[in-house]
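S.K.:
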Amino acid sequence: MNLETTRLLLRPFNLDDAPFIIELLNSPGWLKYIGDRNVKNIEQAEQYLLKGPLKSYHEHGYGLSMVTLKSDQTPIGMCGLIKRDHLEFPDIGFAFLPEYMGQGYAYEIAHATLEFGIHTLKCSPILAITVLNNDSSIKLLKKIGMQFQNNIHLPQIEEELMLFST
4 MNLETTRLLL RPFNLDDAPF IIELLNSPGW LKYIGDRNVK NIEQAEQYLL
54 KGPLKSYHEH GYGLSMVTLK SDQTPIGMCG LIKRDHLEFP DIGFAFLPEY
104 MGQGYAYEIA HATLEFGIHT LKCSPILAIT VLNNDSSIKL LKKIGMQFQN
154 NIHLPQIEEE LMLFST
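To convert, take the position in the sequence shown, counting from 1, and add 3; that gives the numbering used here.
Dropping the structure here:
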């Protein structure tokens, strides 16, 4: 899934992105709100990419993708649609390095991803899940037009989650 916005590019991950994956998956926000994925070296990052985004592209035609600055292709985060086994419809996910938060990048690419999912991929509804205390994600989900549905529990996730839908 390739998308372009005013300031950003969204492109599929590849194995060369492993160093960025290590940085993002060990950032404070990721560890606090998503959890430790035990990705500490290049080999683990490559396995994360192979078993996650790259597998999703093959199975579903979409998945989490790399977000870069349009101006110089600096990697700043990830965004995309995910098809989870325990949710009936795809959900949108996003995460950014701390130094790129609070600048409207997440809104810009999440909004474009949601529009692409609805109008091009014909996914409807699109869901989103987040932990109860992730105020910035909750605010962003509401800003892109998603509505809170209810709290849910998913297998292999200890915490209660908030479920949003388009």
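Here a beta-carbon is modelled for each residue, glycine too, at the ideal position from N, C-alpha and C.
#1: Report the three-state DSSP secondary structure of L34 (helix, strand or coil).
#2: Just confirm the distance between the C-beta atoms of F119 and Y108, as a whole number of angstroms; I'd bet it's less than 8 Å.
#3: Go through the stretch 37-84 residue by residue and report every complete run of the beta strand (DSSP E) that reaches 3 residues or more, in order.
#4: Check each candidate in K142, L135, A131 and G96 and name the one with the smallest Cα separation from G105.
#5: Going straight from the alpha carbon of L28 to that of H122, what length do you get?
#6: Thinking C-alpha only, which one of L52, K54 and I25 is nearest V42?
#7: Leaving out five residues on either side along the sequence, give the residues of the same chain with a beta carbon under 8 Å from the beta carbon of E111.
#8: Round the Cβ separation of E163 and L135 to the nearest angstrom and send it over; I've been treating them as touching at under 8 Å.
#9: Check whether the Cβ of N5 lies closer than 8 Å to any heavy atom of the ligand FAD, and answer yes or no.
#10: In this structure, what does DSSP give as the bridge partners for R87?
#11: Which residue from T133, A115 and M149 puts its Cα closest to that of I155?
#12: Closest by CA to D94, which one among S30, L72, I160 and L144?
#13: Go to P158, then tell me how far its beta strand (DSSP E) extends in each direction, as first and last residue.
#14: Less than 8 Å between C-beta atoms, sequence neighbours within five positions excluded: which residues of the same chain meet that for K73?
#15: According to the neighbour-count rule (16 or more other Cβ atoms, all chains shown, within 10 Å of its Cβ), is L34 buried or exposed?
M.R.: In brief:
#1: Taking the first residue of the sequence shown as 1, we reach residue 34 at position 31. Assigned with DSSP and collapsed to three states, L34 falls in helix.
#2: Against the sequence shown, residue 119 aligns to sequence position 116. Against the sequence shown, residue 108 aligns to sequence position 105. That belief does not hold up - the Cβ atoms of F119 and Y108 are roughly 16 Å apart, past 8 Å.
#3: Listed in chain order, the complete beta strand (DSSP E) runs (minimum 3 residues) inside the stretch 37-84 are 67-72.
#4: For the purposes of this step, residue 105 is identified with residue 102 of the sequence shown, where counting begins at 1. Checked all of K142, L135, A131 and G96; the closest Cα to G105 is K142.
#5: Translated into the one-based positions of the sequence shown, residue 28 becomes position 25. Translated into the one-based positions of the sequence shown, residue 122 becomes position 119. Computed Cα separation, rounded: 30 Å.
#6: Numbered from its first residue, the sequence shown carries residue 42 at position 39. Relative to V42, the option among L52, K54 and I25 whose CA is nearest is I25.
#7: Counting from 1 along the sequence shown, the entry for residue 111 is found at position 108. Taken in chain order, the residues that qualify are T8, T9, R10 and L11.
#8: As a working mapping, residue 163 is identified with position 160 in the sequence shown. As a working mapping, residue 135 is identified with position 132 in the sequence shown. Taking 8 Å as the upper bound for CB-CB distance, E163 and L135 are in contact here, some 6 Å apart.
#9: You won't find the ligand FAD in this model; it holds no ligand whatsoever.
#10: Stepping through the sequence shown from its first residue, residue 87 is reached at position 84. In the DSSP output, where bridge partners are listed per residue, R87 has none listed.
#11: Here residue 155 is taken as the residue at index 152 of the sequence shown, counted from 1. The candidate whose alpha carbon is nearest that of I155 is T133.
#12: Within the sequence shown, the letter at position 91 stands for residue 94. With distances taken between CA atoms, D94 lies nearest to L144 out of S30, L72, I160 and L144.
#13: Indexing the sequence shown from 1 puts residue 158 at position 155. Careful: P158 lies outside any beta strand (DSSP E) and carries neither H nor E.
#14: Within the sequence shown, the letter at position 70 stands for residue 73. Only E7, T8, T9, R10, L11 and L12 meet the Cβ criterion.
#15: If you number the sequence shown from 1, residue 34 lands on position 31. Answer is exposed; the Cβ neighbour count stays below 16.
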